[in-house]
Amino acid sequence: MSRKYNISDMTIVVTGATSGIGFAAARQLALKGAFVIGVGRNEEKCSEAIQKISEESPGARIRYIMADLSSLRQVRDLSARIRSVAAETGNDRIDVLVNNAGAFSNWYISTEEGFELQFTVNHLAPFLLTHELLPLLKNSEAGKVITVSSGSHYRTRIRWNDILMRKRYNCLLAYKQTKLANVLFTTELNRRLGPSSNIRAFAFDPGLVNTDIGLKGTAGIAKWIWQLRKNKGRSPDIPASEIVWLIENVDTPQSNEVYWKGCEPKAPSRYSRREDAAVRLWEISEKMCGVKWFSG
Amino acid sequence: MQSFVCITGATGGLGKAFAVECANRGWNLFITDISEPALVRLADGLQTAYGIKVLYFPCDLTDADSRARLIEEMSGRKICLDGLINVAGLDFEGDFFDRTKEQIRTLIRLNVEANLEITHELLKLRNSEKTFRIINVASLAAFYPMPVKAMYSASKRFLLNFSIALREELRPMNCTVTVLCPAGMPTNEKCIRSIDAQGFAGRITTKNVGYVAACTIDASLKGKTVCIPGLTNKIVRFAGSLVPSSLVSQLIGARWKEAHRKSFQGNKPVLRTDN
Numbered sequence: 034m035s036r037k038y039n040i041s042d043m044t045i046v047v048t049g050a051t052s053g054i055g056f057a058a059a060r061q062l063a064l065k066g067a068f069v070i071g072v073g074r075n076e077e078k079c080s081e082a083i084q085k086i087s088e089e090s091p092g093a094r095i096r097y098i099m100a101d102l103s104s105l106r107q108v109r110d111l112s113a114r115i116r117s118v119a120a121e122t123g124n125d126r127i128d129v130l131v132n133n134a135g136a137f138s139n140w141y142i143s144t145e146e147g148f149e150l151q152f153t154v155n156h157l158a159p160f161l162l163t164h165e166l167l168p169l170l171k172n173s174e175a176g177k178v179i180t181v182s183s184g185s186h187y188r189t190r191i192r193w194n195d196i197l198m199r200k201r202y203n204c205l206l207a208y209k210q211t212k213l214a215n216v217l218f219t220t221e222l223n224r225r226l227g228p229s230s231n232i233r234a235f236a237f238d239p240g241l242v243n244t245d246i247g248l249k250g251t252a253g254i255a256k257w258i259w260q261l262r263k264n265k266g267r268s269p270d271i272p273a274s275e276i277v278w279l280i281e282n283v284d285t286p287q288s289n290e291v292y293w294k295g296c297e298p299k300a301p302s303r304y305s306r307r308e309d310a311a312v313r314l315w316e317i318s319e320k321m322c323g324v325k326w327f328s329g
Numbered sequence: 143m144q145s146f147v148c149i150t151g152a153t154g155g156l157g158k159a160f161a162v163e164c165a166n167r168g169w170n171l172f173i174t175d176i177s178e179p180a181l182v183r184l185a186d187g188l189q190t191a192y193g194i195k196v197l198y199f200p201c202d203l204t205d206a207d208s209r210a211r212l213i214e215e216m217s218g219r220k221i222c223l224d225g226l227i228n229v230a231g232l233d234f235e236g237d238f239f240d241r242t243k244e245q246i247r248t249l250i251r252l253n254v255e256a257n258l259e260i261t262h263e264l265l266k267l268r269n270s271e272k273t274f275r276i277i278n279v280a281s282l283a284a285f286y287p288m289p290v291k292a293m294y295s296a297s298k299r300f301l302l303n304f305s306i307a308l309r310e311e312l313r314p315m316n317c318t319v320t321v322l323c324p325a326g327m328p329t330n331e332k333c334i335r336s337i338d339a340q341g342f343a344g345r346i347t348t349k350n351v352g353y354v355a356a357c358t359i360d361a362s363l364k365g366k367t368v369c370i371p372g373l374t375n376k377i378v379r380f381a382g383s384l385v386p387s388s389l390v391s392q393l394i395g396a397r398w399k400e401a402h403r404k405s406f407q408g409n410k411p412v413l414r415t416d417n
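Residue numbers (this note's numbering), protein chains in the order written: chain A, 34 to 329; chain B, 143 to 417.
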């Protein structure tokens, strides 16, 4: 099968790129010759990732930027740094943004701006980062915003009365809500970009993957569930290669498919297709991030 | 006239939860804590997300001069208060004999001296047209003498008794005092480690900060005296009152020493900024 897009010409941003799916994707993309800008929270892990990839392919074009996505201030800062790193290629352009970073927490943790940790890292950070990087994505021939959602988004809803789940926080329900938010964000972004845009957004379902996401900051039943799921999960290399496939093959302006799993489009949950929910979440997110999209 | 709710220790885990809870109810805030950058970030976040007015002033509450500057700033700006939430507090966990003089002084200054002085001074700034709400943050530890946290639990006992008495004194002035007695809360990585180290007991007594803050504000608006969030904690509190305190102390001591070992494994004592 011939590929539609050539990765070696691309500048690709991957968040959460020091472990799990993010690292695997950054590695595969770099080996295919893309200019990869990875985002990680931990300096040591960032340099480790660079080292691993460079050992495998000395010519790999890869940079890592450190940022803690639980801080919206750092997300803004990050986008400015991405812009200057991307400019190294001589183009003011990003072709693909992979919003992969995700967090899970057993307990309600407040971020420095006063939001809840999972909601911020999993939803607000990609929302804001995409907003900040949109001008660069527009310079691409066929820009893609790929947000890593999950099958967790099925069978749940948004808690409008308490979206941060401050009063009745349940770690797994809070996680499910953020993954639903990823799909709602993706559909609404496509709707707002309009059919003529050169940018398309996709929600990607990695399936059950053997990563540590649920083991960071968990204990008790939640940890046990994650451990069970993890043991059954696939290697992160598989979903990473599916992300690569998505980047190479899905026709950007033409595709109307929003939700992808295993190189195939799949119907997302009914709730995630509700336009009123998508619009409402969008407006709340804009308010929390203090931005206004498409205001001229 | 614009009026505010003042929160001390506002950038810690519980402080932030209180700030968000108040912001969500549309109340303007005056927040203080030791770190100015953290205050700026929180203030920005709350202002954009909730559209309220947030003023801040950094203050080291253990320092009398710094407190004086805070009070001066607030009275200078003619700030009018509807409520005061004293969250700032700390704990140096570990055996009393291993603590330094500096740690002993700091704990008493923050948990006791600062709380009393701030309450005293800010009462003068209250909005006399409305009921003035004071919330003091004690701890479930206030009900028991707690080995390994001897100073901390005693300082919280001080706050508990003080708050209940003050409530009666202030009743004719149209003020209420509510004292919050939460169990440990997962506000930062160290607290979480400490909760996990206690195992099952830690998990069932632990309540999320958002829930605690919401409960406490509701209790305060109803004019309640003591707020203990969570049914398990209410039961623990009740059961504890039936047993002589020396025995409770022995039991808690055995549990805490074990948890303390597991959680810190010989590390230096850890500063916990909120309860």
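For every residue, glycine included, the Cβ atom is placed at its ideal position computed from N, Cα and C.
Would you kindly work out how many angstroms separate the C-alpha atoms of residue i and residue j, rounded to a whole number?
i, j, result
"ILE433 of chain B", "ALA119 of chain A", "Since the first residue shown for chain B is 143 and the last is 417, residue 433 of chain B is missing from the structure and cannot be characterised."
"ASP416 of chain B", "THR219 of chain A", "Reliability fails at ASP416 of chain B, whose pLDDT of 41 lies under 50, so the model's placement of it is uncertain and the value that follows must be treated cautiously. Using only the alpha carbons, I get a separation of about 38 Å."
"ASN228 of chain B", "ILE115 of chain A", "41 Å"
"THR189 of chain A", "THR348 of chain B", "26 Å"
"PRO314 of chain B", "ALA161 of chain B", "28 Å"
"GLY329 of chain A", "ASP195 of chain A", "Any answer about GLY329 of chain A is weak, because its pLDDT of 43 lies below 50 and its placement is not dependable; what the coordinates show is given next. Taking the straight line joining both Cα atoms gives about 31 Å."
"LYS325 of chain A", "GLY395 of chain B", "55 Å"
"SER80 of chain A", "THR211 of chain A", "29 Å"
"SER52 of chain A", "THR180 of chain A", "16 Å"
"GLY187 of chain B", "ASN170 of chain B", "13 Å"
"CYS296 of chain A", "CYS333 of chain B", "43 Å"
"HIS156 of chain A", "ARG225 of chain A", "18 Å"
"LEU373 of chain B", "GLY382 of chain B", "14 Å"
"VAL390 of chain B", "TYR286 of chain B", "7 Å"
"GLU308 of chain A", "SER288 of chain A", "19 Å"
"GLU244 of chain B", "THR204 of chain B", "11 Å"
"GLY147 of chain A", "ILE276 of chain A", "33 Å"
"LYS410 of chain B", "MET288 of chain B", "Because the pLDDT at LYS410 of chain B is just 43, under 50, the model does not fix this residue reliably, and the point stays unresolved."
"PHE56 of chain A", "ALA134 of chain A", "10 Å"
"GLN107 of chain A", "ASP101 of chain A", "6 Å"
"TYR198 of chain B", "GLU149 of chain A", "22 Å"
"CYS201 of chain B", "ILE191 of chain A", "39 Å"
"ALA82 of chain A", "ALA67 of chain A", "16 Å"
"PRO286 of chain A", "ASN231 of chain A", "6 Å"
"LEU413 of chain B", "ALA136 of chain A", "Legend: pLDDT at LEU413 of chain B = 42, less than 50; position of this residue unreliable, no value from coordinates given."
"MET321 of chain A", "VAL354 of chain B", "23 Å"
"LEU418 of chain B", "PRO168 of chain A", "With chain B represented from 143 up to 417, any question about residue 418 of chain B goes unanswered, as that position is not in the structure."
"SER274 of chain A", "TYR192 of chain B", "41 Å"
With DSSP collapsed to three states, give me the class of residue i.
i, result
"VAL385 of chain B", "coil"
"VAL277 of chain A", "helix"
"LEU279 of chain B", "The question names Leu, but residue 279 of chain B is Val in the sequence shown. Strand."
"GLY176 of chain A", "strand"
"LEU130 of chain A", "strand"
"ASP240 of chain B", "helix"
"VAL378 of chain B", "helix"
"ARG313 of chain A", "helix"
"CYS222 of chain B", "strand"
"MET34 of chain A", "Low confidence applies here, because MET34 of chain A scores a pLDDT of 49, under 50, leaving its location unreliable; read the following figure in that light. In the structure shown, MET34 of chain A sits in coil (DSSP, three-state: anything other than H, G, I, E or B)."
Does any CB atom of chain D fall closer than 9 Å to the CB of residue i?
i, result
"THR144 of chain A", "The chain inventory of the structure shown lacks chain D, comprising the protein chains A and B."
For residue i, which beta-bridge partners are listed by DSSP?
i, result
"MET99 of chain A", "A:GLY73"
"ILE227 of chain B", "B:ILE149 and B:ILE277"
"GLU297 of chain A", "A:LYS294"
"SER143 of chain A", "A:GLU149"
"VAL368 of chain B", "B:VAL321"
Quick one: give me the first and last residue of the alpha helix (DSSP H) that residue i is part of.
i, result
"TRP259 of chain A", "253-265"
"GLY55 of chain A", "53-64"
"ASN166 of chain B", "155-166"
"VAL108 of chain A", "105-119"
"ARG309 of chain B", "292-312"
"LEU222 of chain A", "204-226"
For residue i, report the span of its beta strand (DSSP E) as first-last.
i, result
"ARG233 of chain A", "232-238"
"CYS317 of chain B", "317-322"
"LYS294 of chain A", "292-294"
"VAL47 of chain A", "44-48"
"THR163 of chain A", "Careful: THR163 of chain A lies outside any beta strand (DSSP E), inside the alpha helix (DSSP H) at 158-171."
"VAL196 of chain B", "196-198"
"ASN170 of chain B", "170-174"
Is any non-hydrogen atom of the ligand ADP found closer than 8 Å to the C-beta of residue i, if you look at the structure I gave you?
i, result
"PRO371 of chain B", "The ligand content of the structure shown is nil, which means the ligand ADP is not present either."
Taking three-plus beta-carbon pairs below 8 Å as touching, is the stretch 143-151 of chain B in contact with the stretch 302-319 of chain A? no
Quick test of the definition: if touching needs 3 or more C-beta pairs under 8 Å, does the stretch 162-172 of chain A touch the stretch 255-269 of chain A? no
Evaluate the contact criterion for the stretch 295-305 of chain B versus the stretch 245-256 of chain B: three or more CB pairs, one atom per stretch, below 8 Å. yes
Determine, using beta-carbon pairs with one atom in the stretch 125-132 of chain A and one in the stretch 84-97 of chain A, whether at least three such pairs fall under 8 Å. no
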